[in-house]
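S.K.: Dropping the structure in here first, questions after.
Structure, rendered in structure tokens:
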């Protein structure tokens, strides 16, 4: 097996779903490519139907691509056997979903909910599980609510417990699907801040897929997804120093393994790029320049 330098690497991932008419298939992911390092905190932002949740399911080993390769920590996830996938989902990855009922058992206390993944995976003794659960609830500011059943928690509290649950088995990767989708602005801001703090403190890789642009200011890397593919990247960078402002960012395109270049939408608009473009190599700057041309290719254009 060829070893990858990246912790996460997706290569030309395509996912097709069958419609009610069996002969027609819909593409959720269209040749998506992504490369991330261990410990990254990344937001993947896009509208409904853009492929965000499908991406999470691929990385989490819940679904397999129709073609392409999903590699995490040098494991090709779409090649794992059933037993290997169960082990991967229990120990290597933590999930945080939009709806509380997908994250928590309603009649269990916050403490027991956080302990549950450890119990299922047979991690540690009972006392070690209690200790770990208490530490995680303290980390999300809910020590005082540890004995409260999940169905008595507010929406914001439930999502903070869900964050603790996702970290229960010390996974290397945490996948969050619209974690603020059901929350008001105040509680959404709290979730964003806790994710940021825990990523810094614990070093896990966090991937948050969302339509909430507030996550863009939280992360060093923000990927834009639409129609099943990454079409732009925003990276915090200013005079060699990281910055917390979303406006002080480099706008990056993506160059896939086939040499296809995708440019950020806002730059396409500003440069008035349409159907055809002309490429020139600037020898002095050692860079490629892209120039707009008319919609019709004419001799000499």
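Residue numbers (the working numbering): 14 to 314.
Using N, Cα and C, we set each Cβ at its ideal position, and we do this for glycine too.
In this text, all values refer to a predicted model and were calculated from it rather than measured experimentally.
1) Compute the beta-carbon to beta-carbon distance between residue 27 and residue 79, rounded to the nearest angstrom, for a pair I have assumed lies under 8 Å.
2) Given residue 181, which residues of its chain have a CB within under 6 Å of its CB, disregarding the five upstream and five downstream residues?
3) Would you kindly work out how many angstroms separate the C-alpha atoms of residue 225 and residue 58, rounded to a whole number?
4) Indicate whether the contact test is met: 3 or more Cβ pairs, each with one atom in the segment 181-190 and one in the segment 212-231, closer than 8 Å.
5) From the DSSP output, in three-state form, read off residue 285 for me.
6) Residue 186 and residue 106: beta carbons closer than 9 Å?
7) Taking the alpha-carbon positions, what's the residue 140 to residue 209 distance?
8) Using a Cβ-Cβ cut-off of 7 Å (strictly less than) and excluding sequence neighbours within five positions of residue 24, which residues of its own chain qualify?
9) For residue 175, tell me which candidate among 205, 117, 211 and 72 has the shortest Cα-Cα distance.
10) Use the C-beta contact count for residue 237: other C-beta atoms within 10 angstroms, 16 or more gives buried, fewer gives exposed.
11) Cα separation between residue 218 and residue 148?
12) Output the distance between the C-alpha atoms of residue 110 and residue 61, rounded to the nearest integer angstrom.
13) Over what stretch of residues does the alpha helix (DSSP H) that includes residue 151 continue unbroken?
14) Rounding to the nearest angstrom, what Cα-Cα distance links residue 56 and residue 179 in this structure?
M.R.: Result, derived from the coordinates:
1) In the chain shown, counting from the first residue as 1, residue 27 sits at position 14. In the chain shown, counting from the first residue as 1, residue 79 sits at position 66. About 5 Å separates the Cβ atoms of residue 27 and residue 79, confirming a contact at the 8 Å cut-off.
2) Taking the first residue of the chain shown as 1, we reach residue 181 at position 168. Cβ neighbours of residue 181 within its own chain (closer than 6 Å, five residues either side excluded): 127, 130 and 131.
3) Counting from one through the chain shown, the residue named residue 225 turns up at place 212. Counting from one through the chain shown, the residue named residue 58 turns up at place 45. Those two C-alpha atoms are separated by around 7 Å.
4) Three or more pairs of CB atoms, one per stretch, sit closer than 8 Å, so the segment 181-190 contacts the segment 212-231.
5) To locate residue 285, count along the chain shown from 1; it is residue 272. The DSSP-derived three-state label of residue 285 is coil.
6) Taking the chain shown and counting its residues from 1, the one referred to as residue 186 is at position 173. Taking the chain shown and counting its residues from 1, the one referred to as residue 106 is at position 93. Result yes, Cβ atoms of residue 186 and residue 106 sit closer than 9 Å.
7) By one-based count along the chain shown, residue 140 stands at place 127. By one-based count along the chain shown, residue 209 stands at place 196. Rounded to whole angstroms, residue 140 to residue 209 spans 28 Å at the Cα level.
8) In the chain shown, the residue the question calls residue 24 occupies position 11. 46, 81, 82 and 270.
9) Stepping through the chain shown from its first residue, residue 175 is reached at position 162. The shortest Cα separation from residue 175 among 205, 117, 211 and 72 belongs to 117.
10) As a first step, residue 237 must be located in the chain shown, where it is residue number 224. Here residue 237 is buried: its Cβ has 16 or more other Cβ atoms, across all protein chains shown, within 10 Å.
11) Locating residue 218 in the chain shown gives position 205, counting from the first residue. Locating residue 148 in the chain shown gives position 135, counting from the first residue. Put simply, the backbone Cα of residue 218 is about 19 Å away from that of residue 148.
12) Along the chain shown, one-based indexing puts residue 110 at 97. Along the chain shown, one-based indexing puts residue 61 at 48. Cα atoms of residue 110 and residue 61: separation of roughly 15 Å, rounded to the nearest angstrom.
13) Against the chain shown, residue 151 aligns to sequence position 138. For residue 151, the enclosing alpha helix (DSSP H) starts and ends at 139-152.
14) Sequence index remark: in the chain shown, residue 56 carries index 43 (1-based). Sequence index remark: in the chain shown, residue 179 carries index 166 (1-based). So the alpha carbons of these two residues sit roughly 17 Å apart.
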